[in-house]
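Notes follow once the structure below has been shown.
Number of protein chains: 2
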Amino acid sequence: MAIKIIDISRPISAKEPIYPGNMPVELMALKKFSKDKSNLSGIKMGLHSGSHIDAPLHYIKMGTSVDKLPLDETIGWCRVVDVSKLKSEIGEKEIKKFRPQSGEILLFKTRNSRLKDKRFNPSFIHINQSGAEVLAKARVKAVGVDGPSVRKFRLKPDTVHPLLLKRGILIYEGLDLSKAKPGRYFFVGAPLKITGAEASPVRAILIKS
Amino acid sequence: MAIKIIDISRPISAKEPIYPGNMPVELMALKKFSKDKSNLSGIKMGLHSGSHIDAPLHYIKMGTSVDKLPLDETIGWCRVVDVSKLKSEIGEKEIKKFRPQSGEILLFKTRNSRLKDKRFNPSFIHINQSGAEVLAKARVKAVGVDGPSVRKFRLKPDTVHPLLLKRGILIYEGLDLSKAKPGRYFFVGAPLKITGAEASPVRAILIKS
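Printed below as a string of structure tokens:
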């Protein structure tokens, strides 16, 4: 069976922009080939680095951590929808147009995927509260965005993350959908099995057969 | 389409045994729900923590790093073979019995998957040089083991990692195959897209349709 794999992940690197407050990425060499004939490293990074998943524990006191998420909530059929002409936020009107379905993983391709910012850009396209309410009502399984956060930068109080996570809707942030045309794919975005973590970087991919 | 997903990953946690010389796992809280109404963390860990992939750069001077690996080398059809009765190493004889095929991902289920050691156990089942030579000759795509390393603990010089990696055979270590019966599956073991890294923890899974 010939399958096509599309990488929708951003790099994890000290050179990538960091969301303010997140831990910078640092790769640390423990062994180097020149001296030890092998390379061995460790890493220090925020769990919300690059493309990542937010588990309920991110915004819910006793919420589920990434290692306890059922894998079939992070893997499955998904739909990439194009809102790349949008210049502001993704709201009720924009989302209703696509008729979100119960149990689906919905990925929003915006102009964020076109921009390859070298520094953190706070004016990314995001989902607003009315949009999150439509997704919650439709009972989608997960939502993915190609900006550094699902909600407006420094939105206080945050009315988007808790609204989605309390309804059991997982959140993918920091995707790169530039190579993904709108359509249906098989999505894989399983988190690392980090005990007790509220989030995890993921290698998010789309598979098309 | 009903699919079954089998998790073959070990936890990433400070409580898990560490391979000597590797960096311990440390989860660091940047924000806590009790104070900040959200949890936000960073992590420090060896790249060879839990279930992980070794890229050629691990043992080859200018070898490919995990972020540059073609994804179709880390995803695809695989075979789980049972050598769990074996009390020593996996060699030529044991591997030839299964007739390894060109392009396949071959995962060896050993007694390592039964043992849930709380401390590092150096006498894990591993692949010896003659076994690695059979795999190289057969041109398998990747090999996976359920011990902390593909080769004997402290084998010097290491004649197994370089032999496999120089032939372009990727190595998965630290898998937990206790829930995987022998047979054919669709394997997903894509590394994180960590720029310039010689290895990456992975959430390795098997899919059966």
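Those protein sequences? They're chains Y and V, same order as listed. This note's numbering puts the first residue of the first sequence at 959, with every later residue one more than the last. This note's numbering puts the first residue of the second sequence at 959, with every later residue one more than the last. Ideal Cβ positions, reconstructed from N, Cα and C, are used throughout, including at glycine. Owing to the predicted nature of the structure, the values given are computational and were not obtained by experimental measurement.
Beta-carbon neighbours of residue i, restricted to chain Y and to distances below 7 angstroms
i, result
"HIS1084 of chain V", "Those do not exist, as HIS1084 of chain V stays about 16 angstroms from chain Y at its closest Cβ, beyond 7 angstroms."
"GLU1062 of chain V", "Residues of chain Y passing the Cβ test: none, with the nearest at roughly 14 angstroms."
"PHE991 of chain V", "LYS1019"
"ARG1161 of chain V", "ALA1148, PRO1149, LEU1150 and LYS1151"
"SER967 of chain V", "LYS1151"
"ILE963 of chain V", "LEU1029, ASP1030 and ILE1033"
One or two residues paired with residue i in a DSSP bridge
i, result
"SER1046 of chain V", "Beta-bridge pairing links SER1046 of chain V to no other residue."
"SER1130 of chain Y", "Note on residue identity: the sequence assigns Tyr, not Ser, to residue 1130 of chain Y. DSSP lists Y:ILE1011 and Y:GLY1102 as partners of TYR1130 of chain Y."
"VAL1160 of chain Y", "DSSP output for VAL1160 of chain Y lists no bridge partner at all."
"GLY1021 of chain V", "Note: GLY1021 of chain V sits in no beta bridge, so no partner."
"GLY1034 of chain Y", "Y:PHE1145"
"VAL1039 of chain V", "V:PHE1066"
"LYS1166 of chain V", "V:LYS962"
Residues of its chain near residue i, where Cβ-Cβ distance is below 6 angstroms and the 5 sequence neighbours each way are ignored
i, result
"GLY1154 of chain Y", "SER1023"
"LEU1150 of chain Y", "SER1158"
"SER1060 of chain Y", "ARG1097"
"ILE1001 of chain Y", "LEU985"
"GLU1047 of chain Y", "HIS1084 and ASN1086"
Closer than 7 angstroms at the beta carbon, the chain V residues around residue i
i, result
"LEU1164 of chain Y", "Correct list: empty, because the minimum Cβ distance to chain V is about 10 angstroms."
"SER996 of chain Y", "HIS1016 and TYR1017"
"PRO975 of chain Y", "The contacting residues do not exist; PRO975 of chain Y stays about 14 angstroms from chain V at best."
"LYS1168 of chain Y", "Chain Y is shown from 959 up to 1167; residue 1168 of chain Y falls before or after that span and cannot be answered."
Beta-carbon contacts of residue i that lie in its chain and below 8 angstroms, excluding the five residues immediately before and after
i, result
"ASN997 of chain Y", "ALA987, LYS989, LYS990 and PHE991"
"LEU974 of chain Y", "A small correction: the amino acid at residue 974 of chain Y is Glu; Leu does not occupy that position in the sequence shown. ARG968, VAL983, SER1007 and GLY1008."
"MET1003 of chain Y", "ILE970, MET981, PRO982, VAL983, GLU984 and PRO1159"
"GLU1052 of chain Y", "VAL1041, LEU1044 and GLY1089"
"ALA972 of chain V", "PRO982, VAL983, GLU984 and LEU985"
"GLY1021 of chain Y", "ALA1013, PRO1014, LEU1015, LEU1123 and GLU1156"
"TRP1035 of chain Y", "GLU1062, ILE1063, ARG1142, TYR1143, PHE1144 and PHE1145"
"LEU1133 of chain Y", "ILE966, SER967, ARG968, SER1009, LEU1065, SER1071, GLY1102, VAL1103, ASP1104 and ALA1162"
"PHE1078 of chain Y", "PRO975, ILE976, TYR977, PRO978 and PRO1106"
"ALA960 of chain Y", "SER1167"
"ASP1075 of chain Y", "PRO975"
"VAL1200 of chain Y", "With chain Y running from 959 to 1167 in the structure shown, residue 1200 of chain Y is simply not present."
"LYS962 of chain V", "ILE1165, LYS1166 and SER1167"
"LEU1121 of chain V", "GLN1087, ALA1090, GLU1091 and ALA1094"
"PRO1058 of chain Y", "LEU1064, VAL1092, LEU1093, ALA1096 and VAL1098"
Cβ shell of residue i (< 7 angstroms), same chain only, five flanking positions each side left out
i, result
"LYS1124 of chain Y", "ILE1018"
"THR1117 of chain V", "GLN1087"
"GLU1031 of chain Y", "LYS1099, ALA1100 and LEU1128"
"LYS1054 of chain V", "VAL1092"
"SER1136 of chain V", "SER1071 and ARG1072"
"ILE1152 of chain V", "VAL1024, ASP1025 and SER1158"
"LEU1029 of chain Y", "ALA1148"
"GLY1049 of chain Y", "ASN1086, SER1088 and GLY1089"
"ARG1109 of chain Y", "HIS1084, ILE1085, ASP1116, VAL1118 and HIS1119"
Neighbour list for residue i in chain V, Cβ cutoff strictly below 9 angstroms
i, result
"LEU985 of chain Y", "LEU1005, ILE1152, THR1153, GLY1154 and ALA1155"
"SER1175 of chain Y", "Outside the displayed span of chain Y (959 to 1167) sits residue 1175 of chain Y, for which this structure offers no information."
Closer than 8 angstroms at the beta carbon, the chain V residues around residue i
i, result
"LEU1128 of chain Y", "What LEU1128 of chain Y touches in chain V: nothing, since even the nearest Cβ is about 14 angstroms away."
Within chain Y, the residues that residue i reaches when beta carbons sit closer than 9 angstroms
i, result
"GLY1008 of chain V", "LEU1150, LYS1151 and ILE1152"
Residue i: contacting residues in chain Y (beta-carbon distance under 8 angstroms)
i, result
"GLY979 of chain V", "LEU988, LYS989 and LEU998"
Closer than 8 angstroms to chain B by CB, residue i
i, result
"PRO982 of chain Y", "Looking for chain B here will not work: the only protein chains present are Y and V."
Residues of the segment 1131 to 1156 of chain Y in Cβ contact with chain V at a cutoff of 8 angstroms, in chain order, please. So the list reads VAL1146, ALA1148, PRO1149, LEU1150, LYS1151, ILE1152, THR1153, GLY1154, ALA1155 and GLU1156, given in the order they occur along the chain.
For the segment 962 to 1013 of chain V, which segments carrying the beta strand (DSSP E) assignment without a break, of at least 3 residues, lie completely within its bounds, in sequence order? Runs of the beta strand (DSSP E) lying entirely within the segment 962 to 1013 of chain V and spanning at least 3 residues, in chain order: 962 to 965, 984 to 989, 998 to 1004 and 1010 to 1012.
Enumerated in chain order, which unbroken segments of the alpha helix (DSSP H) with a length of 4 residues or greater are wholly contained in the segment 1052 to 1121 of chain V? Fully enclosed alpha helix (DSSP H) runs of 4 or longer: 1087 to 1096.
Pull out every residue of the segment 1049 to 1079 of chain Y whose Cβ sits closer than 7 angstroms to any Cβ of chain V, in chain order. Closer than 7 angstroms at the C-beta level to chain V, one finds no residue of the segment 1049 to 1079 of chain Y.
Going along the segment 1022 to 1039 of chain V in order, which residues come within less than 7 angstroms of chain Y, judged by CB to CB distance? If the cut-off is 7 angstroms between Cβ atoms, the segment 1022 to 1039 of chain V has ASP1025, LEU1029, ASP1030 and ILE1033 near chain Y.
Below 9 angstroms between beta carbons is the criterion; list the residues of the segment 1104 to 1122 of chain V that meet it against any residue of chain Y, in chain order. For the segment 1104 to 1122 of chain V, which is checked against every Cβ of chain Y, the residues closer than 9 angstroms are PRO1115, ASP1116, HIS1119 and PRO1120.
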